[in-house]
Amino acid sequence: MKDSLVSEYRKIVTTRTWWVLLIVMVGYMAFMGAAMAFAFSFDGAEVTGASGEAVPMDTTTAATTVYTLPSTFGYALPLLVGLLSVTSEFRHRTLTPTLLAQPDRNRFVVSKLVASIPMGVLYGVLGTLATVGAGALAFVVNDTATGLDDGAVWGVIARTALALTVWCVVGVGLGFAMPNQVVAIVVVLAFTQFVEPIARLVLGLNDALAPAGKFLPGAAGEAISGGSFYSATGAGDLLGPAAGAAVLVGYAVVLALLGRFTTLKRDIT
Numbered sequence: 088m089k090d091s092l093v094s095e096y097r098k099i100v101t102t103r104t105w106w107v108l109l110i111v112m113v114g115y116m117a118f119m120g121a122a123m124a125f126a127f128s129f130d131g132a133e134v135t136g137a138s139g140e141a142v143p144m145d146t147t148t149a150a151t152t153v154y155t156l157p158s159t160f161g162y163a164l165p166l167l168v169g170l171l172s173v174t175s176e177f178r179h180r181t182l183t184p185t186l187l188a189q190p191d192r193n194r195f196v197v198s199k200l201v202a203s204i205p206m207g208v209l210y211g212v213l214g215t216l217a218t219v220g221a222g223a224l225a226f227v228v229n230d231t232a233t234g235l236d237d238g239a240v241w242g243v244i245a246r247t248a249l250a251l252t253v254w255c256v257v258g259v260g261l262g263f264a265m266p267n268q269v270v271a272i273v274v275v276l277a278f279t280q281f282v283e284p285i286a287r288l289v290l291g292l293n294d295a296l297a298p299a300g301k302f303l304p305g306a307a308g309e310a311i312s313g314g315s316f317y318s319a320t321g322a323g324d325l326l327g328p329a330a331g332a333a334v335l336v337g338y339a340v341v342l343a344l345l346g347r348f349t350t351l352k353r354d355i356t
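Listed below in structure tokens is the structure:
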């Protein structure tokens with residue numbers, strides 16, 4: 088098992104993809120953190136909620152909303168890293184020699200999932216720190232409290248990094264369930280940037296359907312953090328952090344099992 092884990096980890100870190108996407112994520116989240124912090128730094132700052140009403144932002148809410156931006160807008164990148172670690176095997180036809188060296192397909196799936204965790208941690212920590220650093224600097228420039236003297240805020244920051252870690256594992260599961268790399272990338276971008284945000288907005292407008300929005304993947308990731316831009320604007324409530332983690336890990340496991348008994352059940356040539 089150890090040799091399989093080392094092999095799968097090396098496959099990830101010996102390509103350019105992971106560090107290119109990491110640079111993109113750090114830059115993007117630093118920009119988003121600074122921009123949002125500037126916007127929330129003005130006296131009486133407020134945002135428009137899902138119902139169209141103005142939602143005031145107090146200092147703590149503004150800080151946590153900024154520091155949880157990675158779990159709201161940046162999770163597609165660790166998701167893609169995990170996804171590509173699997174779909175690249177099919178695209179570049181390296182799966183056959185991999186399975187010849189490691190014929191136990193269950194062990195192969197588990198190794199892929201576990202090997203993605205260190206990369207998820209890296210994305211989670213650096214992406215979150217970039218957001219916090221740029222956001223806190225923007226708050227300071229505008230003479231606004233950063234919230235970094237509050238232990239609860241640091242808890243939110245730590246859980247945001249954890250959420251991104253889990254997203255990388257979800258990407259691996261999705262890669263097994265959807266091995267066509269081009270199709271999978273299109274689905275990820277479409278779902279994360281358009282489908283789920285619209286679905287959450289629509290569900291949030293209906294009291295009977297609103298609870299269902301808590302169990303969507305993005306909402307579960309935000310629940311791990313303990314807050315988000317969407318929840319701060321009144322676009323639906325979130326599960327608790329533990330429940331959110333359970334739901335998101337559940338997505339990863341279900342997708343991996345689906346891939347194991349569909350994609351990997353067939354003969355590989």
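Going letter by letter, the sequence shown gives residues 88 to 356 in the numbering used here. Don't be surprised by glycine CBs; every beta carbon is placed ideally from N, CA and C.
Quiz item: Secondary structure at R287, three-state DSSP: helix, strand or coil?
Solution: Indexing the sequence shown from 1 puts residue 287 at position 200. Looking at R287 - three-state DSSP - the assignment turns out to be helix.
Quiz item: In chain order, what residues of the same chain lie with their CB nearer than 8 Å to the CB of I311, ignoring the 5 residues before and after it?
Solution: Taking the sequence shown and counting its residues from 1, the one referred to as residue 311 is at position 224. Contacts found: S158, R246, T247, L249, A250, V253, P328, G331, A332 and L335.
Quiz item: With a Cβ-Cβ cutoff of 8 Å, do V341 and V259 count as a contact?
Solution: For the purposes of this step, residue 341 is identified with residue 254 of the sequence shown, where counting begins at 1. For the purposes of this step, residue 259 is identified with residue 172 of the sequence shown, where counting begins at 1. Not a contact, by the Cβ cut-off of 8 Å.
Self-check item: Backbone secondary structure at S318 - three-state DSSP
Solution: Looking up residue 318 in the sequence shown gives position 231. In the three-state DSSP reduction, S318 falls in the helix class (H, G or I).
Quiz item: Cβ atoms of G214 and G161: under 8 Å apart, would you say?
Solution: The sequence position of residue 161 within the sequence shown is 74, counting from 1. The sequence position of residue 214 within the sequence shown is 127, counting from 1. With a cutoff of 8 Å on beta-carbon distance, G161 and G214 are scored as near each other.
Exercise. Express the C-alpha separation of F195 and G313 in angstroms, rounding to a whole number.
Key: As a first step, residue 313 is located in the sequence shown; it is residue number 226 there, counting from the start. As a first step, residue 195 is located in the sequence shown; it is residue number 108 there, counting from the start. Counting only the Cα atoms, F195 lies some 33 Å from G313.
Quiz item: Quick one: what does DSSP say N267 is sitting in, helix, strand or coil?
Solution: For this step, residue 267 is matched to residue 180 along the sequence shown. Coil at N267, not helix or strand.
Quiz item: Alpha carbon to alpha carbon, what distance is there between L235 and F127?
Solution: On the sequence shown, position 40 is the one that residue 127 refers to. On the sequence shown, position 148 is the one that residue 235 refers to. Straight-line measurement puts the Cα of L235 at about 16 Å from the Cα of F127.
Quiz item: By DSSP, does R347 sit in helix, in strand, or in coil?
Solution: Along the sequence shown, one-based indexing puts residue 347 at 260. Here DSSP, grouped into helix, strand and coil, assigns R347 to helix.
Quiz item: By Cβ distance, which residues of its chain are closer than 8 Å to E309, with the 5 residues on each side in sequence left out?
Solution: As a first step, residue 309 is located in the sequence shown; it is residue number 222 there, counting from the start. Here the set comprises T155, S158, T159, A250, S315, Y317, S318, L325 and G331.
Practice problem: Taking only the alpha-carbon atoms, compute the straight-line gap between P184 and E95 and give it to the nearest angstrom. | Solution: If you number the sequence shown from 1, residue 184 lands on position 97. If you number the sequence shown from 1, residue 95 lands on position 8. Whole-angstrom Cα-Cα distance: 13 Å.
Quiz item: Which class does P395 belong to by DSSP, given the choice of helix, strand or coil?
Solution: Nothing about residue 395 can be reported from this structure: the residues present for the chain run from 88 to 356 only.
Exercise. Tell me whether the beta-carbon of L276 lies closer than 8 Å to the beta-carbon of A163.
Key: Translated into positions along the sequence shown, residue 276 becomes position 189. Translated into positions along the sequence shown, residue 163 becomes position 76. In this structure, A163 lies closer than 8 Å to L276 by Cβ.
Exercise. Sort V201, A149 and F125 by Cα distance to R97 and report the nearest one.
Key: For the purposes of this step, residue 97 is taken as residue 10 along the sequence shown, with counting starting at 1. Answer by Cα proximity: V201.
Exercise. Can you tell me the Cβ-Cβ gap for I125 and A225, rounded? I've got them flagged as a contact below 8 Å.
Key: Position 38 of the sequence shown, counting from 1, holds the residue named residue 125. Position 138 of the sequence shown, counting from 1, holds the residue named residue 225. The amino acid at residue 125 is misidentified as Ile; the sequence shows Phe. That pair is a contact at about 5 Å.
Self-check item: Spatially closest choice to I110 from R180, F177, A217 and V208, by CA coordinates
Solution: For the purposes of this step, residue 110 is taken as residue 23 along the sequence shown, with counting starting at 1. Between I110 and the set R180, F177, A217 and V208, the nearest pair of CA atoms involves A217.
Quiz prompt | Beta-carbon spacing of V219, T151 below 8 Å | solution = By 1-based counting over the sequence shown, the position of residue 219 is 132. By 1-based counting over the sequence shown, the position of residue 151 is 64. Between V219 and T151, the CB-CB gap reaches or exceeds 8 Å.
Quiz prompt | First and last residue of the uninterrupted alpha helix (DSSP H) at D90 | solution = Within the sequence shown, the letter at position 3 stands for residue 90. Where D90 is concerned, the enclosing alpha helix (DSSP H) stretches over K89 to V100.
Quiz prompt | Per-residue DSSP class, three states only, for A232 | solution = Taking the sequence shown and counting its residues from 1, the one referred to as residue 232 is at position 145. If DSSP states are grouped into helix, strand and coil, A232 belongs with coil.
Quiz item: Going by C-alpha distance, which of T104, T146 and P165 is nearest V257?
Solution: Translated into positions along the sequence shown, residue 257 becomes position 170. That would be P165, whose Cα lies nearest to the Cα of V257.
Quiz item: Beta-carbon separation of A271 and L345 under 8 Å?
Solution: Translated into positions along the sequence shown, residue 271 becomes position 184. Translated into positions along the sequence shown, residue 345 becomes position 258. No. Outside cutoff.
Quiz item: If you draw a straight line from the alpha carbon of R103 to that of V168, how long is it in whole angstroms?
Solution: Indexing the sequence shown from 1 puts residue 103 at position 16. Indexing the sequence shown from 1 puts residue 168 at position 81. Cα to Cα, R103 sits roughly 11 Å from V168.
Quiz item: From V176 to V227, what does the alpha carbon distance come to, in whole angstroms?
Solution: Taking the sequence shown and counting its residues from 1, one reaches residue 176 at position 89. Taking the sequence shown and counting its residues from 1, one reaches residue 227 at position 140. Residue 176 is actually Glu in this sequence, not Val. C-alpha separation (whole angstroms): 46 Å.
Quiz item: By how many angstroms is the C-alpha of D294 removed from the C-alpha of W106?
Solution: Here residue 106 refers to the residue found at position 19 of the sequence shown. Here residue 294 refers to the residue found at position 207 of the sequence shown. So the two alpha carbons sit approximately 43 Å from each other.
Quiz prompt | Reduced DSSP category for R353 - H, G, I as helix; E, B as strand; rest coil | solution = On the sequence shown, residue 353 is found 266 positions in, with the first residue counted as 1. Three-state result, R353: coil.
Exercise. Return yes when the Cβ of R287 is within less than 8 Å of the Cβ of A35, no when it is not.
Key: Only positions 88 to 356 of the chain appear in the structure, and residue 35 is not among them; the question remains open.
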